[in-house]
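Visitor:
Number of protein chains: 2
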Amino acid sequence: MKTVYERADIVPVFAETFRELGYEGATLSRITERTGIGKGSLYHFFPGGKEEMAGAVLADIDAWFEQAIYRPLRNDDARQAIAAMWVNVNDYFRAGGRICLVGAFALDDTRERFSSGIADYFIRWIEALRSALMRAGCAETEAQTLAEEGVCGIQGALVLSRALRDGTVFTRSLKTLANRLEAATR
Amino acid sequence: MKTVYERADIVPVFAETFRELGYEGATLSRITERTGIGKGSLYHFFPGGKEEMAGAVLADIDAWFEQAIYRPLRNDDARQAIAAMWVNVNDYFRAGGRICLVGAFALDDTRERFSSGIADYFIRWIEALRSALMRAGCAETEAQTLAEEGVCGIQGALVLSRALRDGTVFTRSLKTLANRLEAATR
DNA sequence: TCTCTGCTGTACCGATCGGTATATCAATCT
DNA sequence: AGATTGATATACCGATCGGTACAGCAGAGA
Numbered sequence: 312m313k314t315v316y317e318r319a320d321i322v323p324v325f326a327e328t329f330r331e332l333g334y335e336g337a338t339l340s341r342i343t344e345r346t347g348i349g350k351g352s353l354y355h356f357f358p359g360g361k362e363e364m365a366g367a368v369l370a371d372i373d374a375w376f377e378q379a380i381y382r383p384l385r386n387d388d389a390r391q392a393i394a395a396m397w398v399n400v401n402d403y404f405r406a407g408g409r410i411c412l413v414g415a416f417a418l419d420d421t422r423e424r425f426s427s428g429i430a431d432y433f434i435r436w437i438e439a440l441r442s443a444l445m446r447a448g449c450a451e452t453e454a455q456t457l458a459e460e461g462v463c464g465i466q467g468a469l470v471l472s473r474a475l476r477d478g479t480v481f482t483r484s485l486k487t488l489a490n491r492l493e494a495a496t497r
Numbered sequence: 312m313k314t315v316y317e318r319a320d321i322v323p324v325f326a327e328t329f330r331e332l333g334y335e336g337a338t339l340s341r342i343t344e345r346t347g348i349g350k351g352s353l354y355h356f357f358p359g360g361k362e363e364m365a366g367a368v369l370a371d372i373d374a375w376f377e378q379a380i381y382r383p384l385r386n387d388d389a390r391q392a393i394a395a396m397w398v399n400v401n402d403y404f405r406a407g408g409r410i411c412l413v414g415a416f417a418l419d420d421t422r423e424r425f426s427s428g429i430a431d432y433f434i435r436w437i438e439a440l441r442s443a444l445m446r447a448g449c450a451e452t453e454a455q456t457l458a459e460e461g462v463c464g465i466q467g468a469l470v471l472s473r474a475l476r477d478g479t480v481f482t483r484s485l486k487t488l489a490n491r492l493e494a495a496t497r
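Respectively, the protein sequence lines represent chains A and B. Sequential numbering of the first sequence, starting at 312, is according to the numbering used here. Sequential numbering of the second sequence, starting at 312, is according to the numbering used here.
(1) Round the Cβ separation of M401/A and L485/A to the nearest angstrom and send it over; I've been treating them as touching at under 8 Å.
(2) For E460/A, count neighbouring C-beta atoms within 10 Å of its own C-beta (all shown protein chains included) and say buried if the count is 16 or more, exposed if not.
(3) For V462/A, return the contacting residues in chain B, with the cut-off set at a CB-CB distance below 8 Å.
(4) How about E528/A: is its C-beta nearer than 7 Å to some C-beta of chain B?
(5) With the cut-off set at 7 Å, would you say R330/A and A417/B are in Cβ contact?
(6) Closer than 9 Å, Cβ to any Cβ of chain B: which residues of the segment 418-438 of chain A, in chain order?
(7) Using 7 Å as the limit for Cβ to Cβ distance, is E331/A near chain B?
(8) Quick check on G408/A: does DSSP put it in helix, strand or coil?
(9) Closest Cβ-Cβ distance between K313/A and chain B: below 7 Å?
(10) Could you run through the segment 351-377 of chain B and flag, in chain order, every residue whose CB is less than 8 Å away from some CB of chain A?
(11) Going by CA-CA distance only, name the one from I434/A, R382/A, G448/A and L488/A that's closest to L475/B.
(12) Between I410/A and chain B, is any beta-carbon pair separated by less than 7 Å?
(13) Would you kindly report the start and end of the unbroken alpha helix (DSSP H) that includes T452/B?
(14) Could you tell me the alpha carbon to alpha carbon distance between G333/A and G333/B, rounded to whole angstroms?
(15) I need the straight-line Cα distance from S340/A to Y403/B, nearest angstrom please.
(16) Verify the CB distance criterion: does A474/A have a CB-CB separation below 7 Å to chain B?
(17) Helix or strand or just coil, what does DSSP make of R330/A?
(18) Is it true that the CB of V322/B sits closer than 7 Å to the CB of T346/B?
(19) Can you list the residues of chain B that T456/A reaches, using a CB-CB cut of under 7 Å?
(20) Is it the case that the Cβ atoms of G467/B and Q466/A are separated by a distance below 7 Å?
(21) Cβ atoms of I410/A and L469/A: under 7 Å apart, would you say?
(22) Please report how far the alpha carbon of Y381/B lies from the alpha carbon of L444/B, in whole angstroms.
(23) When you compare only the Cα positions, how much space is there between E362/B and L369/B?
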């Protein structure tokens with residue numbers, strides 16, 4: 312059999328594995344087990360090993376957020392883009408059933424491996440949201456505070472809903488944040 | 312030499328080790344290296360191994376929050392207790408330089424090992440804060456929302472300040488949250 | 001002084017870690 | 001057909017994993 316895998320097909324499986332087990336917890340045997348791909352192929356596509364695999368996941372995540380969240384926030388109608396952000400974020404994180412890998416990596420030593428990528432992800436998110444808020448009528452300092460508060464709140468909601476095993480906490484928190492930002496743009 | 316260690320002396324060192332490396336990343340060799348205690352003593356005090364060590368840390372953390380945060384929120388003057396909470400939390404987390412181990416454990420598979428302890432920590436925090444908010448004059452539903460938002464925001468601020476390597480983000484976020492709650496109690 | 005108890009360091013256990021080498025396979029090109 | 005290429009499974013590597021066994025050692029009580 313010659314089943315050819317594409318990086319694009321494998322990376323999302325990596326992502327879920329790292330999400331569930333963390334960087335250290337995601338051993339190569341776990342990864343081969345979940346992807347169904349042997350070490351041979353794994354190292355063929357990712358000669359850099361585990362670190363390259365996780366790096367590919369982060370790049371994949373970054374690309375998704377760039378096109379689905381950041382770009383609309385920067386370029387499209389501000390109010391609409393912000394509203395779409397809440398919906399897309401709720402879907403992406405499966406209403407709290409899925410964590411933010413970037414945030415999780417930031418919390419422990421794994422941060423040192425992907426330092427700049429992790430910082431970028433959040434900087435660009437906050438900056439894009441701030442831009443949208445200002446276009447929607449916020450003053451600069453308020454927009455900055457609210458943007459930080461929004462991104463912050465999302466990360467916190469992920470932690471909390473995981474801890475409580477209650478996805479409604481996540482969706483409810485997003486709603487509260489959305490109202491808060493909406494109130495500030497009129 | 313007969314240097315007798317107390318569990319109370321060791322546990323905080325465990326805590327920092329788990330914080331920095333995560334549960335999987337905190338190997339026994341790392342732990343012995345940081346504590347300066349050999350495996351012999353380690354397993355003498357903690358026959359249950361790594362899991363018991365981490366469990367002791369969680370119990371330690373829980374006890375600290377109970378006496379320093381939750382109890383005042385439940386019993387003392389509401390406004391004062393809330394104000395004290397922000398100060399104590401900022402100190403405890405070293406202005407964002409130290410993460411919340413409970414939150415970190417919640418994010419990956421480690422949650423399954425300490426499930427009830429993790430959930431309890433957050434449930435009691437939110438409940439205590441809600442109680443204080445109500446005594447300070449909040450309506451019940453608003454108090455619940457604000458309490459969740461507060462705890463949520465703290466967790467998010469920890470993630471964000473770690474990711475950005477910027478402790479000012481943490482302190483600033485706490486300030487914003489404090490203002491938010493203050494505004495709702497008058 | 002002589003036990004006895006509690007603590008400690010160390011050697012060791014099987015299992016698994018991340019990673020490498022290689023032989024084989026399927027498909028394509030000449 | 002024969003050679004070449006890319007993809008795959010597998011065996012294997014030294015290192016380290018979490019955990020155990022145990023011998024020795026210091027101090028308290030007899």
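In this text, a Cβ means the ideal position worked out from N, Cα and C, and glycines have one as well. Every value quoted in this text rests on a predicted model; they were computed, and no experiment measured them.
Guide: Concretely, from the data shown:
(1) Note on identity: in this sequence residue 401/A is Asn, with Met being the wrong assignment. That pair is a contact at about 6 Å.
(2) buried
(3) G467 and L471
(4) Outside the shown range of chain A (312 to 497) lies residue 528/A, about which nothing can therefore be said.
(5) no
(6) L418, D419, D420, T421, R422, S426, I429, A430, Y432, F433, I434 and I437
(7) yes
(8) coil
(9) At K313/A, the pLDDT of 44 sits below 50, so the modelled position is not reliable; the number obtained from the coordinates is stated separately. It does not: the Cβ of K313/A has no partner Cβ on chain B nearer than 7 Å.
(10) none
(11) I434/A
(12) yes
(13) E451 to L475
(14) 9 Å
(15) 38 Å
(16) yes
(17) helix
(18) no
(19) T487
(20) yes
(21) yes
(22) 13 Å
(23) 11 Å
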